[in-house]
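Undergrad:
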Amino acid sequence: MGFFEGVKGMFSQSGADKAEEWQILEGKDSVDKLLSRSESTPQLIYKHSDRCSVCIFAKSNLEQQAGDISEATDMNFVDVISSRDVSNYIADKLNVRHESPQAILLNEGEVVWHASHGSVKAEPLMEVLRKN
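Under my numbering, think of the first position of the sequence shown as 9, with each following residue one higher.
#1: Report the option in D76, S78 and F85 whose CA atom is closest to the CA atom of K67.
#2: For a test of the three-state rule: what should DSSP assign to L43, helix, strand or coil?
#3: Our contact map puts L102 next to T81 with C-beta atoms below 8 Å; I'd like the distance itself, whole angstroms only.
#4: How about L33 and L42: are their beta carbons less than 8 Å apart?
#5: Can you tell me whether DSSP reads I98 as helix, strand or coil?
#6: Please tell me whether D87 and M134 are closer than 8 Å, where the distance is taken between their beta carbons.
#7: Quick one: what's H122 bridged to in DSSP?
#8: Exposed or buried, which one is E71 when buried takes at least 16 other CB atoms within 10 Å?
#9: Roughly how many angstroms separate the alpha carbons of E28 and S90, rounded to a whole number?
This is the structure in C-alpha cells:
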C-alpha cells in the first residue's frame with residue numbers, strides 16, 4: 009500500500025469503527041463500570057473527535073498497536089462530540105482536564121498515565137503497561 013492509500017484509509021475510518029478492540033463508553037454508568045474494572049484490569053480511555061486531524065492520527069497510531077495494547081488493557085473509546093457529557097464526567101471523576109485527543113490509563117482505580125494531542129502514541133503507553 010502506498011503513502012496516499014494509507015492516508016486515505018486513515019481518513020475514511022470514522023469513530024471507533026476500525027479496531028474491534030474499542031469498547032464504546034456511552035453514559036455515566038459505563039464510566040462507573042470502567043472505574044470498577046480498573047481495580048483488576050488496566051483500562052485505557054481514548055477521547056476522540058472526528059473533526060480533529062490530530063485525533064485521526066493519534067487514533068491511527070494506537071490502532072496500529074491495538075493487538076499488543078488490548079493484550080494488556082481494555083481499550084475504551086469516547087466520541088467527545090456525541091458524548092460530551094461522558095467526556096466531562098471522566099474529566100471530573102479522574103481530575104484530568106479534558107483534551108482531545110486524549111488517552112488516560114487507569115490501573116487499580118488510579119490514573120497512572122495520560123497524554124494529549126501529539127503525545128498520544130502507542131509506544132509511551134506500552135512502556136507504562138509493561139511496568140504495571
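Beta carbons: idealized from backbone N, C-alpha and C, even for Gly.
Here the structure is a predicted model, which means the values were calculated and not measured.
TA: The relevant details are as follows:
#1: Selected option, being the one with the closest Cα: F85.
#2: Look at L43 here: in three-state DSSP terms it is helix.
#3: That belief does not hold up - the Cβ atoms of L102 and T81 are roughly 15 Å apart, past 8 Å.
#4: Yes; because the gap between Cβ atoms is below 8 Å, this pair is in contact.
#5: Note: I98 maps to helix in three-state DSSP.
#6: It is not a contact, given that the beta carbons lie outside the stated cut-off.
#7: H122 is bridged by DSSP to I112.
#8: The residue is buried, with at least 16 neighbouring Cβ atoms inside 10 Å.
#9: Distance between the alpha carbons of E28 and S90: 20 Å.
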